[in-house]
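Using the numbering used here, you'd call the opening residue of the sequence shown number 157 and step up by one each time. Reviewing the structure listed below.
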Amino acid sequence: MTGSNHYKIHPIVMGTKAFDKGMMTYQYDYGKPYTIPIYCWYLEGGDKKILVDTGEMAPMKSREREEAIGGKIYTFEEGLSRWGLKPEDIDVVIHTHLHNDHCENDDKCKNAVFYVHEKEMERIHNLHPLDFRYNEDFVTDIEKNGQIKTISEDTEILPGINVIHTPAHTEGGMTVLIDTEKGKAAITGFCLIMENFNPPPKIKAMEMDVIPPGTHVNVYEAYDIVLKVRDMADILIPLHEPKFASVDTIP
C-alpha cells in the first residue's frame, strides 16, 4: 500500500449492454453493434472501503457477452469477494450518476454513505419522458435510511479523492478524480469509451478533438466537458471502456 492518499482502482464487471455503438459515440458509428461492460470500481488505499457505482443487480452472464468485452461478468457479491469484501463492508459509495445500471446494488451496502449530486436526486424523483434510464426504486431504501449525502459543488470526499460536477450525460454527473502512484485518474461522470477521448483520424480530420457521449444533456457543453476532463487527468477511465474488463488494477 502506498499511503492514505494513493489509491489502486479495481474495475469489476457487473453486467453488459449490447446496443448500437452510436449510444456511446455521438454522430459516429451508428448502426454498428457494440457491447459495453458495466462496472463498479473498488478504490483500495485509505482506511475506508470505497466503491464508485454499484452496477447491475442481475447481470446477464453468457460466453458471448464475456467474449465481446474480453472479461468475466460477476454478480455484485462475486465481484466484491474477489477483493475479500462483502456488500456490508463498504463504507463509501460515490455515484457518477443514477442511471439504473450504475446503482442497482445500492441497497445491499447497508453501512455505506452514498455521495450523489443533488441534481441527480432531483431528476430521479422528477422524470422527463426521455429519462427512462432512471428508476427511483433503486435508491428508495438508502434514501429512507438517511445514507445519501448530496453534493452541490466540487468536493473532496476523502484525502486523494475529489468529485467535480460534469453534466455531460446527465444533469448531476460527477467525475471522480483519484490520486494514484502514477498520477491523477479520472473515472468519468458520463458514459463513454476511450474512443471518445481519442477519436479516429477521420473524426479528427473534421477538427473534432473528442466525441461527445451519444446521450447527453447539451451536446455542445458535453463536448467541452469531455475535453476538460481529458486534459485534467493522467489516467482516463471512461465508464464503459471494454479494455478494463480484463484489467485487475489501475494503474
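A virtual CB, placed ideally from N, CA and C, is assigned to each residue, including glycine. All figures in this text were calculated on a predicted structure; none of them were measured in a lab.
query	result
Who are the near neighbours of Gly339 in its chain, counting only those whose CB is closer than 7 Å to its CB and skipping five residues on each side?	Asp390, Ile391
Suppose only complete runs of 3+ residues qualify. What are the beta strand (DSSP E) ranges in the region 336 to 364, listed by chain order?	339 to 343
Of all the options Leu236, Ile246, Tyr190, which has the alpha carbon lying nearest to the alpha carbon of Glu220?	Tyr190
Quick check: the region 167 to 181 against the region 202 to 218, are at least 3 beta-carbon pairs closer than 8 Å?	yes
Should the region 244 to 263 be regarded as contacting the region 315 to 334, the criterion being three or more beta carbon pairs within less than 8 Å?	yes
Decide if the region 190 to 209 is in contact with the region 362 to 382; the criterion is three or more beta carbon pairs, one per stretch, under 8 Å apart.	no
Using beta-carbon positions only, say whether Tyr230 and Glu200 come within less than 8 Å of one another.	no
How far does the beta strand (DSSP E) with Tyr271 in it reach, from first residue to last?	269 to 273
Exposed or buried, which one is Thr326 when buried takes at least 16 other CB atoms within 10 Å?	buried
Roughly how far, in whole angstroms, is the beta-carbon of Thr405 from the beta-carbon of His166, given that I think they are within contact range, below 8 Å?	6 Å
How is Glu244 classed by DSSP in three states: helix, strand or coil?	helix
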